[in-house]
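Reviewing the structure listed below.
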Amino acid sequence: MTTKAKQVKNNKGRNKQRGVYTIEFALVGAVFFLLLFAVLEVGRLFFVWNILTEASRRGARLATVCHFDHGAKSAFAPMLEAALFDNIPMAPNLSISNLQISYLQINGDPVADVKDIALVRAEIKDYQHQLIIPGLFLTLNSPSFATTLPRESLGATRLPDYTYCFPTVPPVP
(Lines of atoms letter the chains of each structure in order from A and count residues from 1; the text may use other names and numbers.)
(Lines give C-alpha, C1' and ligand atoms only; values in the text may rest on other atoms or scores of the structure.)
Protein backbone atom coordinates (compact mmCIF):
# COMPACT_ATOMS: atom_id res chain seq x y z
CA MET A 1 0.00 0.00 0.00
CA THR A 2 1.26 3.39 -0.87
CA THR A 3 1.61 6.23 1.56
CA LYS A 4 -1.29 8.06 -0.03
CA ALA A 5 -3.55 5.02 0.37
CA LYS A 6 -2.56 4.75 4.05
CA GLN A 7 -3.46 8.44 4.61
CA VAL A 8 -6.87 7.96 2.97
CA LYS A 9 -7.50 4.91 5.13
CA ASN A 10 -6.46 6.82 8.31
CA ASN A 11 -8.69 9.79 7.39
CA LYS A 12 -11.69 7.47 7.08
CA GLY A 13 -10.98 6.19 10.60
CA ARG A 14 -10.72 9.73 11.95
CA ASN A 15 -14.01 10.76 10.38
CA LYS A 16 -15.73 7.92 12.24
CA GLN A 17 -14.33 9.23 15.56
CA ARG A 18 -15.16 12.90 14.99
CA GLY A 19 -18.14 13.26 17.45
CA VAL A 20 -16.99 10.79 20.08
CA TYR A 21 -15.52 13.44 22.41
CA THR A 22 -18.74 15.43 22.33
CA ILE A 23 -20.82 12.37 23.21
CA GLU A 24 -18.41 11.38 25.98
CA PHE A 25 -18.50 14.88 27.45
CA ALA A 26 -22.30 14.94 27.31
CA LEU A 27 -22.57 11.64 29.20
CA VAL A 28 -19.85 12.33 31.75
CA GLY A 29 -20.84 15.99 32.12
CA ALA A 30 -24.48 15.13 32.82
CA VAL A 31 -23.50 12.74 35.61
CA PHE A 32 -20.92 15.20 36.97
CA PHE A 33 -23.35 18.13 37.10
CA LEU A 34 -26.10 15.98 38.60
CA LEU A 35 -23.74 14.94 41.39
CA LEU A 36 -22.54 18.53 41.83
CA PHE A 37 -26.10 19.84 42.25
CA ALA A 38 -26.92 16.94 44.58
CA VAL A 39 -23.96 17.81 46.83
CA LEU A 40 -24.96 21.49 46.87
CA GLU A 41 -28.55 20.54 47.68
CA VAL A 42 -27.50 18.33 50.59
CA GLY A 43 -25.55 21.32 51.94
CA ARG A 44 -28.67 23.49 51.60
CA LEU A 45 -30.71 20.78 53.34
CA PHE A 46 -28.31 20.83 56.32
CA PHE A 47 -28.51 24.63 56.41
CA VAL A 48 -32.32 24.52 56.53
CA TRP A 49 -32.13 21.80 59.20
CA ASN A 50 -30.02 24.13 61.35
CA ILE A 51 -32.43 27.03 60.71
CA LEU A 52 -35.36 24.91 61.91
CA THR A 53 -33.45 23.86 65.02
CA GLU A 54 -32.55 27.47 65.77
CA ALA A 55 -36.13 28.65 65.18
CA SER A 56 -37.48 26.16 67.71
CA ARG A 57 -34.80 27.22 70.21
CA ARG A 58 -35.55 30.91 69.69
CA GLY A 59 -39.28 30.28 70.00
CA ALA A 60 -38.86 28.47 73.31
CA ARG A 61 -36.53 31.16 74.66
CA LEU A 62 -38.86 34.00 73.72
CA ALA A 63 -41.85 32.15 75.16
CA THR A 64 -40.12 31.69 78.52
CA VAL A 65 -39.23 35.36 79.01
CA CYS A 66 -41.88 37.32 77.07
CA HIS A 67 -45.49 38.19 77.76
CA PHE A 68 -48.09 35.90 76.22
CA ASP A 69 -51.86 35.74 75.86
CA HIS A 70 -52.91 34.52 79.33
CA GLY A 71 -56.52 33.94 78.32
CA ALA A 72 -55.77 31.59 75.43
CA LYS A 73 -52.46 30.39 76.90
CA SER A 74 -50.77 30.99 73.56
CA ALA A 75 -48.02 33.15 72.14
CA PHE A 76 -48.77 36.38 70.31
CA ALA A 77 -48.13 36.40 66.55
CA PRO A 78 -45.30 39.01 66.84
CA MET A 79 -43.48 36.66 69.23
CA LEU A 80 -43.76 33.84 66.69
CA GLU A 81 -42.51 36.13 63.92
CA ALA A 82 -39.54 37.16 66.06
CA ALA A 83 -38.71 33.49 66.65
CA LEU A 84 -38.75 32.96 62.88
CA PHE A 85 -36.13 35.67 62.27
CA ASP A 86 -38.60 38.58 61.84
CA ASN A 87 -39.87 37.45 58.43
CA ILE A 88 -36.39 37.24 56.92
CA PRO A 89 -36.73 34.30 54.51
CA MET A 90 -34.07 32.03 55.97
CA ALA A 91 -35.91 28.81 55.09
CA PRO A 92 -38.36 28.73 52.20
CA ASN A 93 -42.01 28.08 53.12
CA LEU A 94 -41.37 28.52 56.87
CA SER A 95 -44.19 30.49 58.48
CA ILE A 96 -45.72 31.01 61.90
CA SER A 97 -48.20 28.24 61.12
CA ASN A 98 -45.25 25.82 61.40
CA LEU A 99 -44.26 27.03 64.90
CA GLN A 100 -46.31 25.82 67.85
CA ILE A 101 -45.70 27.13 71.38
CA SER A 102 -47.09 25.04 74.25
CA TYR A 103 -47.22 25.96 77.92
CA LEU A 104 -46.99 22.75 79.94
CA GLN A 105 -47.10 21.33 83.44
CA ILE A 106 -44.05 19.55 84.85
CA ASN A 107 -45.35 16.17 83.60
CA GLY A 108 -45.75 17.52 80.04
CA ASP A 109 -49.53 17.92 80.03
CA PRO A 110 -51.08 21.17 78.77
CA VAL A 111 -51.88 23.67 81.52
CA ALA A 112 -55.38 24.56 82.63
CA ASP A 113 -54.28 27.58 84.66
CA VAL A 114 -51.44 30.01 84.02
CA LYS A 115 -50.10 29.40 87.54
CA ASP A 116 -49.40 25.76 86.65
CA ILE A 117 -46.90 26.55 83.87
CA ALA A 118 -43.59 24.78 84.52
CA LEU A 119 -42.28 24.18 80.99
CA VAL A 120 -42.45 25.90 77.63
CA ARG A 121 -42.17 23.87 74.44
CA ALA A 122 -41.60 25.28 70.95
CA GLU A 123 -42.00 22.89 68.05
CA ILE A 124 -41.60 23.23 64.30
CA LYS A 125 -44.14 20.95 62.63
CA ASP A 126 -45.27 20.09 59.10
CA TYR A 127 -42.36 21.75 57.31
CA GLN A 128 -41.73 20.55 53.76
CA HIS A 129 -38.41 21.07 51.99
CA GLN A 130 -38.30 21.18 48.19
CA LEU A 131 -35.12 19.75 46.67
CA ILE A 132 -33.73 21.65 43.70
CA ILE A 133 -31.86 18.99 41.75
CA PRO A 134 -32.25 19.02 37.96
CA GLY A 135 -34.43 16.11 36.90
CA LEU A 136 -35.37 15.14 40.47
CA PHE A 137 -38.39 16.89 41.93
CA LEU A 138 -38.65 15.71 45.52
CA THR A 139 -40.39 17.22 48.51
CA LEU A 140 -39.10 16.04 51.88
CA ASN A 141 -41.27 16.14 54.99
CA SER A 142 -39.03 17.23 57.82
CA PRO A 143 -39.19 15.71 61.27
CA SER A 144 -40.52 17.90 64.04
CA PHE A 145 -37.92 20.07 65.76
CA ALA A 146 -38.74 20.73 69.41
CA THR A 147 -37.14 22.61 72.28
CA THR A 148 -38.43 22.46 75.85
CA LEU A 149 -37.24 24.95 78.47
CA PRO A 150 -38.23 25.58 82.09
CA ARG A 151 -40.40 28.61 82.60
CA GLU A 152 -38.80 31.85 83.60
CA SER A 153 -40.54 35.19 83.99
CA LEU A 154 -43.17 34.65 81.24
CA GLY A 155 -43.00 38.40 80.73
CA ALA A 156 -43.90 39.40 84.29
CA THR A 157 -41.69 42.01 85.92
CA ARG A 158 -41.59 43.58 89.40
CA LEU A 159 -43.22 46.64 87.93
CA PRO A 160 -46.92 46.44 87.17
CA ASP A 161 -46.03 45.81 83.55
CA TYR A 162 -44.97 43.04 81.22
CA THR A 163 -41.86 42.45 79.15
CA TYR A 164 -42.64 42.57 75.45
CA CYS A 165 -39.94 41.05 73.30
CA PHE A 166 -41.05 42.30 69.93
CA PRO A 167 -41.14 45.67 68.18
CA THR A 168 -44.88 46.27 68.36
CA VAL A 169 -46.61 45.98 71.70
CA PRO A 170 -49.62 43.64 71.40
CA PRO A 171 -52.87 44.59 73.08
CA VAL A 172 -53.08 43.43 76.68
CA PRO A 173 -56.30 41.46 77.29
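Residue numbers (the working numbering): 501 to 673. Here a beta-carbon is modelled for each residue, glycine too, at the ideal position from N, C-alpha and C.
Nearest neighbour of Ser597, chosen from Asn607, Asp609, Glu623 [CA to CA]: Here the closest residue by C-alpha is Glu623.
Spatial distance of Thr647 from Asp613 (CA atoms): Spanning the two alpha carbons is a distance of roughly 22 Å.
Gln628 burial status per 10 Å Cβ neighbour count (16 or more: buried): So Gln628 counts as exposed.
DSSP-derived helix/strand/coil call for Ser644: The answer is coil: DSSP assigns Ser644 none of H, G, I, E or B.
Selection from Phe533, Arg518, Phe525, Val565 that minimises the alpha carbon distance to Pro650: Considering only alpha carbons, the answer is Val565.
At least three beta-carbon pairs within less than 8 Å, the region 626-645 to the region 550-557: At 8 Å Cβ cutoff, the stretches touch.
Burial state of Pro578, where buried means 16 or more other Cβ atoms lie within 10 Å: Pro578 is buried by the Cβ-count criterion.
Residues near Ile606 in its chain [Cβ-Cβ closer than 7 Å; skip 5 each side]: Exclusion of the five residues before and after Ile606 leaves Ala618, Leu619 as the residues of its chain whose Cβ lies within less than 7 Å of its Cβ.
Arg621 classed as buried or exposed, judged by whether at least 16 other C-beta atoms fall within 10 angstroms: Arg621 is buried by the Cβ-count criterion.
Between the CA atoms of Leu545 and Ile551 - distance to the nearest angstrom: In this structure, the straight-line span from the alpha carbon of Ile551 to that of Leu545 is close to 10 Å.
Distance between Tyr521 and Lys625 (C-alpha atoms, nearest Å): Computed Cα separation, rounded: 50 Å.
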